[in-house]
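Okay, structure first, notes after.
In the numbering used here, the protein residues as written are 1238 to 1305.
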């Protein structure tokens, strides 16, 4: 997988996303993900819509499948 800086809409880069899918996400990446999720919980109006989240997750999963 390509390891590049996270997209503005994603907290994890492609390598970290793959690690998350395999249940082995590094503690620092997990903490960044927790902070991002907590930010949305604290201020839901500043977060992404449900449809945006699923659309972006679907695109990320398709990229991962192509790279596999």
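All residues carry an ideal CB built from backbone N, CA and C; glycine is no exception.
Output yes or no for whether 7 Å exceeds the beta carbon distance between residue i and residue j.
i, j, result
"residue 1297", "residue 1254", "yes"
"residue 1271", "residue 1248", "no"
In angstroms with no decimal places, state the Cα-to-Cα distance between residue i and residue j.
i, j, result
"residue 1260", "residue 1275", "20 Å"
"residue 1289", "residue 1295", "10 Å"
"residue 1282", "residue 1257", "26 Å"
"residue 1252", "residue 1267", "13 Å"
"residue 1239", "residue 1262", "Per-residue confidence for residue 1239 stands at a pLDDT of 47, beneath the threshold of 50, marking its modelled position as unreliable; the derived number appears in the next sentence. Cα to Cα, the separation comes out at about 16 Å."
What is the DSSP secondary structure of residue i, counted as helix, strand or coil?
i, result
"residue 1251", "helix"
"residue 1283", "helix"
"residue 1261", "coil"
With residue i as the anchor, note down where its alpha helix (DSSP H) starts and where it stops.
i, result
"residue 1276", "1264-1279"
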